[in-house]
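Take a look at the structure below.
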Amino acid sequence: MRLDDKTREIIKNEVANQLGSEAIIRLFGSRVDDSERGGDIDLLIEPSHSLAKRIQIECQLAARLYIKLGGRKVDVLIKDPHDPILAVHEQALKNGIVL
Amino acid sequence: MSSIQDRLFLITQLVKVTQKEARYLTRTANRLNELNINLSWVESLDNNDLHSEMLDAFVSRYGRLQDTLGDKLLPAMLRGSLEKTGSQLDNLLRAEKLGWIESTQIWIEMRELRNRLVHEYIESPSNLLSALQQALTCVTILIETQDRMANYVKTIEQI
Chain U
1 MRLDDKTREI IKNEVANQLG SEAIIRLFGS RVDDSERGGD IDLLIEPSHS
51 LAKRIQIECQ LAARLYIKLG GRKVDVLIKD PHDPILAVHE QALKNGIVL
Chain D
1001 MSSIQDRLFL ITQLVKVTQK EARYLTRTAN RLNELNINLS WVESLDNNDL
1051 HSEMLDAFVS RYGRLQDTLG DKLLPAMLRG SLEKTGSQLD NLLRAEKLGW
1101 IESTQIWIEM RELRNRLVHE YIESPSNLLS ALQQALTCVT ILIETQDRMA
1151 NYVKTIEQI
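Line order of the protein sequences matches chains U and D. Per our numbering, the very first residue in the first sequence carries number 1; after that it's consecutive. Per our numbering, the very first residue in the second sequence carries number 1001; after that it's consecutive.
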């Protein structure tokens, strides 16, 4: 996993602030692969409860992290416990690493 | 290094472009607002060329105005005001301090939203609907930002 401790802490704190500390955060995509370089930070987040405005919260969280991480691009995907599992979720659940 | 006149000329040209982009965005947003978009409207897009082309026009006009304002006019205005330009985030934070944009956080959220509009297209109608409804409410922010930046440019032109 290519994510330093400080970045990981910032991500975990922001997610906990917005969605509660029980939310599970998975890093997936190119940052999981130690042999690659750079790339966006792709996150799949599973909150313990349903969200009324999921897309809005995804955008808010991605923007907060972009600012807190000094302009690094973060893609946030939230998997609502009641939503069906989509192909993109499956991929992230299979290959993702829990932070 | 370009002269002050060259910089001002570029800024004035970009303001004109954004004025036109803002007009086009307002028109397509008004048309969509009149349609009272709901889930069945979104679900019918597959078989309705008129509506799906309206949606495409909206998404590209929204994105185009935001890109010209944030990625072209904003750095040009910073250079024109002899401010330092830096990364996209640096420029946005500076613009927020100068009062050109209201909030860096909201500006980035609007950009994220536009990416969703492109992606959710394929994924799910209900997600597309919620992204679209939110984007329609953000149009005002884009138009106000264009207005604010254009007004600031008017004040430097007079100097």
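Cβ atoms here follow ideal geometry from the backbone N, Cα and C, with glycine treated the same way. In this text the structure is predicted, and so the values were computed from the model without any measurement.
Just mark residue i as buried or exposed, buried being the case when its beta carbon has 16 or more other beta carbons within 10 Å.
{"i": "L1050/D", "result": "exposed"}
{"i": "D80/U", "result": "exposed"}
{"i": "M1/U", "result": "exposed"}
{"i": "V98/U", "result": "exposed"}
{"i": "T1018/D", "result": "buried"}
{"i": "A92/U", "result": "buried"}
{"i": "F1009/D", "result": "exposed"}
Kindly indicate if chain D contains any beta-carbon less than 7 angstroms away from that of residue i.
{"i": "G20/U", "result": "no"}
{"i": "Q56/U", "result": "yes"}
{"i": "A23/U", "result": "no"}
{"i": "G71/U", "result": "yes"}
{"i": "Q60/U", "result": "yes"}
{"i": "A52/U", "result": "no"}
Hey, could you find the ends of the alpha helix (DSSP H) residue i is sitting in?
{"i": "I57/U", "result": "54–68"}
{"i": "E36/U", "result": "Here E36/U belongs to no alpha helix (DSSP H), and DSSP marks it neither H nor E."}
{"i": "D4/U", "result": "No alpha helix (DSSP H) contains D4/U, which DSSP labels as neither H nor E."}
{"i": "D1147/D", "result": "1125–1157"}
{"i": "H89/U", "result": "87–95"}
Against chain U, does residue i count as a neighbour if the rule is that its beta carbon must be under 7 angstroms from one of theirs?
{"i": "R1116/D", "result": "yes"}
{"i": "I1141/D", "result": "no"}
{"i": "E1112/D", "result": "yes"}
Whose CA, out of the options, lies closest to the CA of residue i?
{"i": "N1038/D", "options": "N1151/D, S1130/D, A1150/D", "result": "S1130/D"}
{"i": "L1128/D", "options": "I1143/D, S1040/D, R1061/D, L1092/D", "result": "S1040/D"}
{"i": "N17/U", "options": "L43/U, P47/U, K6/U", "result": "P47/U"}
{"i": "L77/U", "options": "D34/U, A62/U, G71/U", "result": "A62/U"}
{"i": "A1135/D", "options": "H89/U, G71/U, C59/U", "result": "C59/U"}
{"i": "M1110/D", "options": "T1145/D, K1072/D, S1087/D, Q1005/D", "result": "T1145/D"}
{"i": "I1141/D", "options": "L1089/D, L1025/D, S1003/D, K1016/D", "result": "L1025/D"}
{"i": "L1032/D", "options": "V1118/D, A1057/D, Q1013/D, L1008/D", "result": "A1057/D"}
{"i": "D1006/D", "options": "E1034/D, N1048/D, Q1066/D, M1077/D", "result": "M1077/D"}
Specify, as a first and last residue, the run of the beta strand (DSSP E) that residue i falls within.
{"i": "R26/U", "result": "24–28"}
{"i": "L77/U", "result": "74–78"}
Could you check whether the Cβ of residue i sits closer than 6 angstroms to any heavy atom belonging to the ligand MG?
{"i": "S50/U", "result": "Among the components modelled here there is no ligand, and therefore nothing to report on the ligand MG."}
Self-check item: Start-end ranges of the alpha helix (DSSP H) lying completely within the segment 1076–1115 of chain D, minimum 4 residues
Solution: Counting whole runs of 4 or more residues, the segment 1076–1115 of chain D contains the alpha helix (DSSP H) stretches 1088–1098.
Query raised in the report: Which full runs of the alpha helix (DSSP H) of 4+ residues lie inside the segment 1014–1052 of chain D, going along the chain?
Result: Runs found: 1039–1043.
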